[in-house]
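Residue numbers (the working numbering), protein chains in the order written: chain A, 1135 to 1443; chain B, 678 to 991; chain C, 3 to 375.
We treat Cβ as the ideally placed atom computed from N, Cα and C, and that holds for glycine.
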Amino acid sequence: MTEAQPILEVKNLKQYFKVSRKFTVKAVDGISFKIMPGQTYGLVGESGSGKSTTGRSIIRLYKPTDGEVIFNGKNISGKMSKEELKLLRTKMQMIFQDPMACLNPRRKVMDIIAEGLDIHHEYSSQAEREQKVYDMLELVGLSKEHANRYPHQFSGGQRQRIGIARALVMRPELVIADEAISALDVSIQAQVVNLMKKIQKKTNTAYLFIAHDLSMVKYISDHIGVLHLGHLVETGTTDEIFNNPIHPYTKSLLSAIPEPNPRVEKYRKSASYDYKTSGIDYHKGTEHLVDGTHYVLATDEEFKEWTKK
Amino acid sequence: MTEMQALQEMKFQPKDFEFAHESQELEKDEVMPARSAWKDSVSLFARNKGAVIGIVCIALITIFAIVAPMLSDWKYDAIDTSLQNIAPGAQHWFGTDNYGRDLWVRLWQGTRISLFVAVAAIFIDVVIGVTYGMISGYFGGKVDSVMQRIQEVINSIPTLVILTILLMVMKSSLFTIILALSFTEWIGMSRITRAQVLKTKEEEFVLASRTLGAGSFFIIFKEILPNIYSQMIIMVMMSIPNAIFYEAYLSFVGLGLPIPEASLGTLINDGFNTLTIYPFQMIIPVVVFSILMLSFNLVGDGLRDALDPTMKEM
Amino acid sequence: MKENRERILKIRDLNISFKTTGGKVHAVRGVNLDLYKGETIAIVGGSGSGKSVTTKAVMGLLANNGSIDSGSIEYHWNDEYTGEPKTVDICQLSEKELQSEIRGRKIAMVFQDPMTSLNPTMTIGKQIMEPMMYHYKKSKQEAYAKALELLELVGITDAKKRMKNYPHQLSGGMRQRIVIAIALSCDPYVLICDEPTTALDVTIQAKILELIQDIQKKKELSVIYITHDLGVVAKVADYVNVMYAGKIVETGTIDEIFYDPRHPYTWGLLSSMPDLDTDDDELYTIPGTPPNLAHEVKGDAFAPRNEFALNIDLREDPPMFKVPDSDSHQVASWLMHPNAPKVDMPEALRKRLDKMKQKGEPNHDGSTTHLGS
């Protein structure tokens, strides 16, 4: 088997924000991972862990402070040529968190979905533009008639599907889903997740799925990265992470997942983890290979201690 | 257990307990009734009595201001010393002034000028203010800092000082007054615009546009502007009475329009001189002036409630 | 369950509507609910199902355009001095009586977002002391002592120092603890938690729930949880009410709802949440979207999305049917009628519930199955 090229490779990405002259927030502090074509990488972490920032740095809503982002073989972390910029803006797309805020309330669904096409002039006639939008609407389970409505006439789940259609109309190779389902009801979440999976099968799009809900992440992802305080503390395939978590933070995160099973849930106590008192310093840690693609951030001593059974 | 009884007494139809549909027809999506935000705003506005009265008054006054001077036999600047200070009557509906000019015509001519000055000044304000605020808010960073400092400097000079100096240096004319008014009023407009832009540009739909590669031009005109124009309209409605007031004030202190032009301010000023002898000469323009001011404020309030309902339902 | 349960809240046939520009929205349509002392009920449902509105009505906190069209919310208690039982209908109380008697004092509420329910300009000490001084006319010293006690109760270390902090100086989990302390400051009998953990991180969620449970035991509180998260429900509830389109469609004990659900909507709800063992190719979902309650609902509101809908569902709203062999389990579905065809829950769900049941058997390692704590 020949080694496939990753669609996205992030190398030592850093994203700092200067708040004042003396104070800099290190939102993302040197993380590395790759995503293969057609696969889903789940990035989990609590609020303030830098997971949304990571997504936004990759798609260049922010300018990365340091590190490399290699998309489709091209480095897009620095100054981009016109072609590279176009590649980034068409082949990498994003789905946003808030179904209320992610669609312009003053534009019709037709124009919202066709926005990318308009910007990059990807149609030769008005009929072609319409057809492309109708195809997308159908793909996400809405109908033609919905094209002439305004966003406020749709429910949260429907709006999220319109957001997906807007991203997919560009035929992207990577879609960053930033907490794309957290604002939705459980039953609607399932609709959206099913839709995303269905589309992935059809189009071989890769996903960077950013979320804090681990049960959904487990369900949808092939690989998982656990982010804490701007550091990627553990990464590996979904099975590796869930069956053999090494890092104490990952363990506490997994133990906190609520299960819809009263008899288990009633007696369970979750493990606690406090970075300040744990004695772990993320800056001192280096990547240690556990096995396969499973890496953990640790110092040599920590790694020995954690992997000791 | 009345419910159970009711259940037993209930008549069932023969097919009641058969499945109602094939599972295919389930996958349909319902959307909320088609009702645009625009229609919502109109109905909200129409329900506000004060605002409706306000808009009717403004419409009436505007129509009179346009039509009345054209239809009347008298001219607003025709001096006829034989007709001095006639009280309101059948011939001269609002009487005449010290120079024998018909006050009915003069009043509507004055209103016309006042409205024109206000609207023109506000139009210039909007163009300058919105552009300035938009650039400052959207591009941010150093551009924003510099533009804000400039604005603060201009704003720190009292309006009246600027107005007075301007009117002293230049010859007082319609153009000068409009310029003078525009010069100070745009700052408020640019501030509001900047604040709105700062808020809107962080919204997810704007970020979405950026990830699609939209240029600044596209984002400003297609994404941001349509979402802040309601604030602009409200601001305009609130500024017009302000401009009318300033114009009247300038005329009143004698810095306004040259004789024999009329505006609400000059009329009030002229009437004021003869207030004790011929009160009607001042009272009539004051009444029209007040109604106009009040109406614009009412409409502005109504628009604010209709376009920007902060009280969300449920 | 226990004998001699003491009923504290009794809601009967509650109907609530809102006047909106789009017409009259019938948000709650005939809700019946009972809450007993020391017990926990959960109201589960999607957004717009009326679960929040119901509890807001209990607190007398409906928005201005909302009104209670019919029904009663009876609150039962024993007088503090004489000990004689008393009853009051919250729907009939004036705003003043609600403020002085019910809100905060007998029924307290914990909201979703701790940042918005705290006053950013006041120290947290003052915020905890204020309701006590208002409701019970406590002196400052007494209130201070009680506040310290409460902070310790909600697991805040260094309470004295924290009293002087402002909300923004605390973390999200800490803030929610403060909100709970404030809710408890007037010794309420009922605590309503409206999505108390959705705004918090996973690791803190469990801690907050455990805290509420702890306090509940100590103080014999009755708690109502409003949530769409079945994990939360599984952890805390004794009884579960499933709401859909303003109606309770299924009610029962936690075991009945989780291991023997009868309503197709509950099936859908349980199926659509992946647990950690789910590896089906596709998650089960309920097709379509919830109905718009601004329109008259004819028959069963769930029928258009229900693959098991019967013809009668399109015509008549089903009443609450009792599930045989249970006092507590009731289902609003015509499928429960003796004449209805027998419909079993989807096979995949059946298997999953069986597996869950097994996993939860007492002989199983009690703590957690997939990970040691």
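Bounding residues of the alpha helix (DSSP H) (the contiguous stretch that carries W781 of chain B): Translated into positions along the second sequence, residue 781 of chain B becomes position 104. It spans L780 to F816 - the alpha helix (DSSP H) in which W781 of chain B sits, taken as one unbroken run.
Residues from the stretch 18-47 of chain C in contact with chain B, defined by Cβ distance under 8 Å: F20, T22, T23, G24, V27 and A29
Within chain F, the residues that I314 of chain C reaches when beta carbons sit closer than 8 Å: The question asks about chain F, but that chain is absent: this structure's protein chains are A, B and C.
Assigned secondary structure, I109 of chain C (DSSP; H/G/I helix, E/B strand, else coil): Here residue 109 of chain C refers to the residue found at position 107 of the third sequence. Note: I109 of chain C maps to strand in three-state DSSP.
Paired residues, beta bridge with T1420 of chain A - DSSP: Locating residue 1420 of chain A in the first sequence gives position 286, where the first residue counts as 1. T1420 of chain A pairs with A:A1432.
For H229 of chain C, the nearest candidate out of C:L211, C:I217 and C:K39 (CA to CA): Residue mapping note: residue 229 of chain C aligns to position 227 of the third sequence, counting from 1. Before going further, note that residue 229 of chain C is Thr rather than His in the sequence given. Of C:L211, C:I217 and C:K39, the residue nearest in Cα terms is C:L211.
Y83 of chain C classed as buried or exposed, judged by whether at least 16 other C-beta atoms fall within 10 angstroms: Here the question's residue 83 of chain C lines up with position 81 in the third sequence. With fewer than 16 other Cβ atoms within 10 Å, it is exposed.
Boundaries of the alpha helix (DSSP H) in which C195 of chain C is found, first to last residue: To locate residue 195 of chain C, count along the third sequence from 1; it is residue 193. Element bounds for C195 of chain C: not the alpha helix (DSSP H) but the beta strand (DSSP E), V192 to D196.
Inter-residue spacing [alpha-carbon to alpha-carbon] between Y1175 of chain A and K1403 of chain A: On the first sequence, residue 1175 of chain A is found 41 positions in, with the first residue counted as 1. On the first sequence, residue 1403 of chain A is found 269 positions in, with the first residue counted as 1. Cα-Cα distance, rounded: 29 Å.
The beta strand (DSSP E) enclosing V1152 of chain A, as first and last residue numbers: Position 18 of the first sequence, counted from the first residue, corresponds to residue 1152 of chain A. First, the amino acid is wrong: residue 1152 of chain A is Lys here, not Val. Run containing K1152 of chain A: L1142 to K1152, per the beta strand (DSSP E) assignment.
Outcome for S940 of chain B when other beta-carbon atoms lying within 10 angstroms are tallied against a minimum of 16: Along the second sequence, read from residue 1 onward, the residue named residue 940 of chain B stands at position 263. Its Cβ being crowded by 16 or more others within 10 Å, S940 of chain B is buried.
Stretch pair the stretch 1303-1319 of chain A + the stretch 1331-1343 of chain A: three plus CB contacts closer than 8 Å: yes
C-beta neighbour in chain A for P169 of chain C, strict 8 Å: Walking along the third sequence from the start, residue 169 of chain C turns up at place 167. No, no contact with chain A.
For M131 of chain C and A110 of chain C, believed in contact at Cβ under 8 Å, the rounded distance: Taking the first residue of the third sequence as position 1, residue 110 of chain C is located at position 108. Taking the first residue of the third sequence as position 1, residue 131 of chain C is located at position 129. Incorrect: roughly 15 Å between the Cβ atoms, too far for contact.
Proximal residues, the stretch 1343-1369 of chain A versus chain B, C-beta separation under 9 Å: none
Three-state class that DSSP yields for Q701 of chain B in the structure shown: Working through the second sequence from its first residue, we reach residue 701 of chain B at position 24. Legend: pLDDT at Q701 of chain B = 46, less than 50; position of this residue unreliable, no value from coordinates given.
Reduced DSSP secondary structure (H/G/I, E/B, other) of W770 of chain B: Here residue 770 of chain B corresponds to residue number 93 of the second sequence, with the count starting at 1. Coil at W770 of chain B, not helix or strand.
Where N1328 of chain A sits in the DSSP three-state scheme: Locating residue 1328 of chain A in the first sequence gives position 194, where the first residue counts as 1. N1328 of chain A falls in the helix class under three-state DSSP.
Expected contact under 8 Å - CB spacing of F929 of chain B and G942 of chain B to nearest Å: For the purposes of this step, residue 929 of chain B is taken as residue 252 along the second sequence, with counting starting at 1. For the purposes of this step, residue 942 of chain B is taken as residue 265 along the second sequence, with counting starting at 1. That pair is a contact at about 5 Å.
Chain-ordered neighbours of L721 of chain B on chain C, where CB pairs are closer than 8 Å: Working through the second sequence from its first residue, we reach residue 721 of chain B at position 44. Simply T23.
Segments assigned alpha helix (DSSP H), at least 4 residues, entirely inside the stretch 290-367 of chain C: 349-361
Y1407 of chain A: contacting residues in chain C (beta-carbon distance under 8 Å): As a first step, residue 1407 of chain A must be located in the first sequence, where it is residue number 273. In chain order: T205.
Best match in C:Y267, C:L271, C:S328 and C:D189 for proximity to F376 of chain C [C-alpha to C-alpha]: As shown, chain C starts at 3 and ends at 375. That puts residue 376 of chain C outside it, with no answer to give.
Residues that DSSP places opposite I1358 of chain A in a beta bridge: Residue 1358 of chain A sits at position 224 when you count from the first residue of the first sequence. DSSP, once it has assigned bridges, lists A:G1176 and A:G1370 as partnering I1358 of chain A.
N- and C-terminal bounds of the beta strand (DSSP E) containing T1158 of chain A: Counting from 1 along the first sequence, the entry for residue 1158 of chain A is found at position 24. That run of the beta strand (DSSP E) goes T1158 to I1169.
Partner residues on chain C for R1241 of chain A, Cβ-Cβ distance less than 9 Å: Taking the first sequence and counting its residues from 1, one reaches residue 1241 of chain A at position 107. What R1241 of chain A touches in chain C: nothing, since even the nearest Cβ is about 21 Å away.
Beta carbon of Q218 of chain C nearer than 8 Å to that of T57 of chain C: As a first step, residue 218 of chain C must be located in the third sequence, where it is residue number 216. As a first step, residue 57 of chain C must be located in the third sequence, where it is residue number 55. Not a contact, by the Cβ cut-off of 8 Å.
Local Cβ density within 10 Å of G1413 of chain A, reported as buried at 16 or more and exposed below that: Here residue 1413 of chain A refers to the residue found at position 279 when the first sequence is read from its first residue. That one is exposed.
Interface residues of chain B facing F310 of chain C [CB-CB closer than 8 Å]: Position 308 of the third sequence, counting from 1, holds the residue named residue 310 of chain C. Simply F696.
Cross-chain neighbours of M1228 of chain A in chain B, by beta carbon under 8 Å: Numbered from 1 along the first sequence, position 94 holds the residue referred to as residue 1228 of chain A. Here the neighbours are L884, A885 and T888.
Beta-carbon spacing of I104 of chain C, G62 of chain C below 8 Å: The count along the third sequence starts at 1 and reaches residue 104 of chain C at position 102. The count along the third sequence starts at 1 and reaches residue 62 of chain C at position 60. Yes, these two residues count as a Cβ contact at 8 Å.
Assigned secondary structure, G979 of chain B (DSSP; H/G/I helix, E/B strand, else coil): In the second sequence, residue 979 of chain B corresponds to position 302, counting from 1. Residue state, collapsed to three classes: helix.
Residue-level contact to chain B via CB, A247 of chain C, 8 Å cutoff: The count along the third sequence starts at 1 and reaches residue 247 of chain C at position 245. Not one chain B Cβ lies under 8 Å of A247 of chain C.
Nearest neighbour of R1295 of chain A, chosen from A:N1282, A:A1314 and A:K1220 [CA to CA]: Stepping through the first sequence from its first residue, residue 1295 of chain A is reached at position 161. Nearest option by C-alpha distance: A:A1314.
Spatially closest choice to P198 of chain C from C:V235, C:K220 and C:W336, by CA coordinates: Residue mapping note: residue 198 of chain C aligns to position 196 of the third sequence, counting from 1. Nearest C-alpha to P198 of chain C: C:V235.
Residues that W715 of chain B bridges to, as DSSP identifies them: As a working note, residue 715 of chain B is residue 38 in the second sequence. W715 of chain B pairs with nothing; no bridge assigned.
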